[in-house]
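Structure first, commentary second.
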Amino acid sequence: MFISDQVQQHDINTPADLGHILFVRLYKKHGVIDNPWYCKYVTVTSPSGESTRFPCYKWFSGLMTMEVQEGKGIILTHGVNPLIVKQRKTELDRNREIYRWKVYADGAPYCIAVSDPKELPLDARYSVQKYASFGFTLVATGLEMQLKGFTNCTDPWTDLNDINKVFLYKKTHNSDCCHTMWKEDRFFVNPVLLRKCIKIPGNFHVEQEMVAAILGTSTDLNKELETQSTASARVTLVNGASPSAVEAARHCTPGPWCSNQLLWESYESWVENASIKLLPRENPAADTRIGVPAIRKWHRVRWKLLRMGPEPKVIERVDHAWVKSEDIGVAGSVHQVLCAVLCAVLCAVLLCAVCCVLLCSCRQLLKASTLSCRLMQFHVWELVVPHLRYTLEINVLARNQLIGPGGLFDKAFVTGNGGVPVLVKKSMDELTYSCLCLPDDIKERGMESVPNYYYREDGMKVWLAVERLVSGIVNYYYKDDDMVSKDPELQAWVEEIFTKGFLGRISTGVPSSLGTRAELIKYLTMVIFTCSGQHAAVNSGQFDFYSWLPNGPSSMRKPPHPVKGAATYQTLLDALPEVNTTTNAMAVDWLLAREPNDKRPLGTFQNERFTEETPQAIIKEFQKRLEGISTQIQERNSTIKGLTYLYLDPKNIESSVSI
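With the working numbering as the guide, the letters of the sequence shown map in order to residues 154 to 812.
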């Protein structure tokens, strides 16, 4: 009988030398009461004193048999023992039954064919500690709002200061800063929407006279464009993205709108918002609502309302009410679905879709493919497995409780459940491999030299550290490019990700096969960074920036005010969502930004899957490099007054998408 949290070591002696061992077979049978147990590893010591470790790190439940290989990476090429090939095929067949694909929505990545987390095997599920932490946060937050009378209150806000009463004690340094800075145009949440602007878009008729007050007398718009001191952010809302069923009757649907924003690098080395344009999606030429930062008091209210519009949570400040509301509703929806994790309500593309797909593909590793792939001793799997922890469970929870019918998105965000599939399809149509690879993405958007762009500065440090780790492991196991191109497990794994995750679209630039070590290094770096650093960048700051509702409303009850100068403080209050919608959105932000207990920061390799000295040394070097990056970021932040960028500090990066 095994007791929870009790570690036992069992010694078994054999009368003779076992010789060279290919794998160890473990067998568990049913008892009167099913008593699952977790096997870390098996160590075999020969009469000569030589030890061989067979890492397992799996749960055994019910009637179960498993063969475990030695912790050395084995590439299935010519000369591999037929027993190993047979063992891998047996494991593959078993995994085909456990992990299966299904279509989530037309044009979306495939997802795991599970409707309830309880259907997942124990290895893919939350630990008891994480369940308890997540559940306590959820219940405590809901109870707090219920006791305060916010949950069922459908009244509009009568005073912005009343929003502070929702969470009196749930605060962070940055959330306090956002509360006082929300009227500024100098800080952003979504780090991936900005791109260098060298030419004003044809449907964005910004004239020098409009932005003269912002630019000052020493320069003009044409000069700033020539010196590439301008950037733009654009969000397009897809036709057919219906509002949430719960809120459609009271809220203004953002579906017909898209937005352009022009940003300017000021002399203080800050990127500031110079203008916003909202236009009807169905006929962009029919409307020319261009807003610029105003000086007169109530002109600023209209500017605030514009800022809250179609660009969900991007440029932080009430001024963009409409822009920011759609950042939440649109970008948030896409990130949640594609990432399969109740994650950020702000990232606008499929950075996380890959996490879900990668996990399913790794977990299934050719469940629908050929004999080549293998789950347990596939050394690439050993490298990426820490970055896939708990993602299947959060995938299922997200589909059921966050973006499903009657879920939190239906209750708090204007796009709701009905608009999610449409938005995901649109994002899939725009996905490219380069946007998933940070160096390529930064270069493509022309953001190499924009000042105070900490997402780039910190992100590149983390990317390069991961790249060094991957390079060391890959070059150790693959001695040349030929070994990469002829590794059947690797090629089948990459092909399945391309087919099931990126729907076989060549236009994405995502590889369907890998021919060189350099290609493999880039691919695996993308996988690990997407599942860790990128997720942290777009998810971890949502409560900090959006706990103050006017900085990023989850929906808007009225369209942008049509008359310049006519907006009032009451206009702003009338446009913001009701009390219960606001509190639901704030609860989501708090829940998704708080990583439950049982955390494993980037660089944590709790299970010793690599048993050879060289890979272990490479991992230790990686951990040391991350410590150095963390120190640099903390030292920089200690000199900054106000908002600090801490989301890509390795100590704050969870290894996997688990929330």
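No residue lacks a Cβ here, since even glycine has one placed at the ideal position from N, Cα and C.
Check                                                                                                                              : Outcome
Touch test, the region 203-218 against the region 759-779, Cβ-Cβ under 8 Å, three pairs minimum                                    : yes
Residues bridged to Pro-754 (per DSSP)                                                                                             : Glu-807
Asp-594 burial status per 10 Å Cβ neighbour count (16 or more: buried)                                                             : buried
Minimum C-alpha distance to Ala-686 - residue among Lys-579, Arg-609 and Met-739                                                   : The residue you asked about is not Ala; residue 686 is Gly in the sequence shown. Nearest C-alpha to Gly-686: Arg-609.
Pairwise C-alpha distance: Gly-559 and Leu-273                                                                                     : 23 Å
For Gln-222, three-class secondary structure by DSSP                                                                               : strand
Beta-carbon spacing of Cys-306, Val-732 below 8 Å                                                                                  : yes
Residue from Asp-308, Thr-724, Trp-335 and Thr-304 whose Cα sits closest to the Cα of Phe-320                                      : Thr-304
CB of Leu-99 within 8 Å of CB of Pro-270, strictly                                                                                 : The chain is shown only over 154 to 812; residue 99 falls outside these bounds and no answer can be derived.
When Asn-248, Ser-214, Ala-266 and Arg-247 are compared against Val-256, the one with the closest alpha-carbon                     : Ala-266
Run of the alpha helix (DSSP H) containing Val-195, from where it starts to where it stops                                         : Taken as a continuous stretch (DSSP letters only), Val-195 belongs to no alpha helix (DSSP H), being part of the beta strand (DSSP E) at 190-198.
N-terminal and C-terminal residue of the alpha helix (DSSP H) that Pro-677 is part of                                              : The residue you asked about is not Pro; residue 677 is Leu in the sequence shown. Start and end: 670-682.
Contacts around Asp-259, its chain only, beta-carbon distance under 8 Å, and the 5 residues preceding and following it disregarded : Pro-574 and Lys-578
For Val-467, the three-state DSSP class (helix, strand or coil)                                                                    : The predicted model places Val-467 with a pLDDT of 30, which falls under 50 and marks its position as unreliable, so this point remains unresolved.
Contact set for Leu-796: own chain, Cβ-Cβ below 8 Å, skip 5 residues either direction                                              : Asn-327, Cys-330, Cys-331, Met-334 and Phe-340
Expected contact under 8 Å - CB spacing of Ala-690 and Pro-344 to nearest Å                                                        : 6 Å
Assigned exposure category for Thr-114 - 16 Cβ within 10 Å defines buried                                                          : The structure shown does not extend to residue 114, since the chain is modelled only from 154 to 812, so the question has no answer here.
Extent of the continuous beta strand (DSSP E) to which Trp-646 belongs                                                             : Trp-646 -> not in any beta strand (DSSP E); alpha helix (DSSP H) instead, spanning 641-649.
C-beta atoms of Arg-747 and Thr-290 nearer than 8 Å                                                                                : yes
Close beta carbons around Lys-675, own chain, < 7 Å, minus the five adjacent residues each side                                    : Cys-590
Within 8 Å, strictly: CB atoms of Leu-536 and Ser-809                                                                              : no
For Phe-207, the three-state DSSP class (helix, strand or coil)                                                                    : strand
Span of the beta strand (DSSP E), counted from its first residue to its last, around Phe-176                                       : 176-181
Neighbour-count burial assignment, His-163, 16 or more Cβ in a 10 Å radius                                                         : exposed
Limits of the unbroken beta strand (DSSP E) element including Arg-348                                                              : 347-349
Member of Val-619, Arg-658, Glu-672 and Arg-621 whose CA lies at the smallest distance from the CA of Leu-643                      : Glu-672
Buried or exposed (CB count within 10 angstroms, at least 16 for buried), Leu-744                                                  : buried
Stretch pair the region 632-647 + the region 695-708: three plus CB contacts closer than 8 Å                                       : no
Cut-off 6 Å between Cβ atoms - residues of its own chain near Trp-616, not counting five sequence neighbours on either side        : Leu-591 and Phe-682
Residue(s) in a DSSP beta bridge with Ile-265                                                                                      : Trp-254
First and last residue of the uninterrupted alpha helix (DSSP H) at Ile-771                                                        : 766-790
Top-ranked residue by Cα proximity to Thr-145, from Lys-773, Glu-788 and Asn-737                                                   : Because the chain spans 154 through 812 in this model, residue 145 falls outside it and cannot be assessed.
Cα-Cα separation, Glu-788 to Gly-612                                                                                               : 16 Å
Whether Thr-734 touches Ser-708 by CB criterion (8 Å)                                                                              : yes
Identity of the residues DSSP links to Phe-213 by a beta bridge                                                                    : Trp-190
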